[in-house]
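In the UniProt record's numbering, the protein residues as written are 535 to 967. Structure record follows, encoded as structure tokens.
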Ligand code: PMP
């Protein structure tokens with residue numbers, strides 16, 4: 535509790551005084567954390583929290599292999615990416631090797647916003663067009679182009695009214711609480727195709743289409759079967775390119791698939807990644823075809839000074855080593871399945887749980903006031919998160935109604951930790967919040 539440690543409340547006040555108000559922090563009175571280990575965080579009072587939220591530190595807090603790689607490289611050399619050094623080539627080859635062969639060309643950046651922004655500009659440059667189609671209720675970043683295609687009202691209540699004229703949206707393909715639910719969800723794809731066709735008919739065929747290939751912002755809702763195949767076909771039929779924002783859902787977290795787009799059985803033209811690739815260090819990448827990348831020369835300038843720096847590259851490779859050597863994608867599947875069973879059992883006893891979304895260690899526990907109207911339990915979700923904090927669990931809401939627990943812990947999380955989380959959720963639901 536911010537009040538517990540004598541300096542903690544004062545430090546929070548200093549933070550709030552000096553940082554812009556939009557730079558928010560979790561919780562009204564957050565614990566002041568000072569170290570992390572695996573899926574745990576420790577505050578200045580020595581209290582340990584189970585971090586069920588942190589997909590940025592994908593392989594676990596302070597992983598020794600990542601720390602050691604960073605330390606060694608920091609002592610040896612760090613510089614901008616225009617110098618010739620081995621790590622950038624080695625890392626680019628490794629990232630490209632995770633995707634189908636024709637996605638063979640890599641741009642390194644420092645964040646997810648940069649990655650999606652660049653992806654959009656690549657689509658524009660490759661097609662010589664400027665219209666982009668994006669799925670609603672999404673978040674892709676805060677830079678100009680990435681923000682333009684982000685229409686989640688949780689982040690910006692006026693999002694849909696304030697889009698630049700080159701942004702066009704299609705319905706959020708949410709089969710749980712969207713326009714079309716359950717078996718009707720197959721309707722989203724033809725409707726999105728109709729939007730794309732209409733744009734082309736009006737003389738503005740889109741440069742590209744962007745969405746998360748697994749609906750992360752909604753809490754990990756899979757897109758309807760065949761959705762991306764139909765939408766990607768339509769975009770390509772009109773000469774556009776398709777972008778997968780894998781910033782949240784990619785990189786092994788889904789357990790069953792390394793990439794979100796694999797779950798849909800499609801291959802995008804441009805893939806944007808960040809967050810988990812650096813396990814907390816700012817690393818991002820855009821991977822595309824040589825042909826698309828080459829056309830960027832005519833579309834704009836690219837140079838990210840520290841994108842793919844020696845330190846970023848060795849950290850990126852160390853993260854991949856850990857994912858591979860520790861079988862973290864398999865762990866995501868194993869622990870995720872266990873946690874899903876626990877949460878589904880809770881759902882039987884507690885009507886406030888409307889659904890358990892997701893796959894592997896990207897899960898969403900959606901809280902509703904009524905299972906038929908799906909009225910979002912927004913206030914309850916916030917209160918339960920506060921109560922969980924008191925019980926030693928870090929959890930926060932996501933989604934346009936902030937009523938979905940975003941369960942995306944470091945991929946090293948154990949069955950025991952998942953059980954602790956489920957036990958505490960059970961305790962709060964049983965005893966009140
Ligand atoms: N895309 C998605 C799907 C995201 O969830 C986020 C971050 N929440 C971003 C892009 C932006 O990434 P960053 O915060 O690293 O700029």
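Where is the CB? At the ideal position from N, CA and C, for every residue including glycine.
Selected residue, minimal CA-CA separation from residue i, among the options
i, options, result
"residue 915", "966, 853, 764", "966"
"residue 637", "569, 899, 600, 806", "806"
"residue 587", "944, 596, 792, 618", "944"
"residue 760", "719, 584, 787", "719"
"residue 568", "560, 582, 606, 707", "582"
"residue 607", "593, 594, 616, 622", "622"
"residue 594", "618, 812, 738", "812"
"residue 728", "705, 565, 541, 779", "705"
"residue 657", "837, 556, 735, 803", "803"
"residue 900", "923, 874, 924", "874"
"residue 917", "962, 552, 730", "962"
"residue 516", "768, 609, 884, 909", "There is simply no residue 516 to check, as the chain begins at 535 and stops at 967 in what is shown."
"residue 685", "699, 700, 668", "668"
"residue 940", "809, 589, 909", "589"
"residue 633", "792, 913, 681", "792"
"residue 631", "936, 859, 854", "854"
"residue 946", "837, 937, 585, 765", "585"
"residue 574", "964, 955, 959, 610", "955"
"residue 726", "848, 757, 716, 717", "757"
"residue 611", "847, 876, 912", "847"
"residue 850", "654, 880, 600", "600"
"residue 912", "602, 931, 898, 779", "931"
Closer than 7 Å: residue i CB and nearest the ligand PMP heavy atom
i, result
"residue 845", "no"
"residue 808", "yes"
"residue 840", "no"
"residue 531", "The first residue shown for the chain is 535 and the last is 967, placing residue 531 beyond what the model contains."
"residue 782", "yes"
"residue 673", "yes"
"residue 750", "yes"
"residue 558", "no"
"residue 746", "yes"
"residue 650", "yes"
"residue 779", "yes"
Three-state secondary structure (DSSP) of residue i
i, result
"residue 877", "helix"
"residue 515", "One cannot answer for residue 515 here, as it falls past the ends of the chain, which runs 535 to 967."
"residue 542", "helix"
"residue 651", "helix"
"residue 946", "coil"
"residue 537", "Confidence at residue 537 is low in this model, with a pLDDT of 49, below 50, so the placement of that residue should be treated as unreliable; the coordinate-derived value is given next. Reduced to three states, the DSSP call for residue 537 is coil."
"residue 910", "strand"
"residue 924", "helix"
"residue 900", "strand"
"residue 584", "strand"
"residue 730", "helix"
"residue 839", "coil"
"residue 548", "helix"
"residue 955", "helix"
"residue 716", "helix"
"residue 846", "helix"
"residue 866", "helix"
"residue 680", "helix"
"residue 832", "helix"
"residue 890", "strand"
"residue 789", "coil"
Which residues DSSP lists as bridging residue i, in chain order
i, result
"residue 595", "572"
"residue 624", "Residue 624 is not bridged to any residue."
"residue 702", "667"
"residue 610", "DSSP lists no partner for residue 610."
"residue 755", "749"
"residue 932", "938"
"residue 776", "743"
"residue 563", "DSSP lists no partner for residue 563."
"residue 784", "Note: residue 784 sits in no beta bridge, so no partner."
Distance between beta carbons of residue j and residue i, contact taken as under 8 Å
i, j, result
"residue 747", "residue 797", "7 Å"
"residue 629", "residue 640", "6 Å"
"residue 693", "residue 687", "6 Å"
"residue 666", "residue 744", "6 Å"
"residue 933", "residue 752", "5 Å"
"residue 650", "residue 674", "4 Å"
"residue 787", "residue 866", "6 Å"
"residue 741", "residue 663", "4 Å"
"residue 861", "residue 754", "With a Cβ gap of about 21 Å, residue 861 and residue 754 do not count as contacting."
"residue 834", "residue 554", "Residue 834 to residue 554, Cβ: 28 Å. No contact."
"residue 949", "residue 872", "6 Å"
"residue 921", "residue 561", "Contact flag wrong, Cβ pair sits at about 11 Å."
"residue 661", "residue 775", "7 Å"
"residue 839", "residue 645", "The Cβ separation is near 13 Å, so there is no contact."
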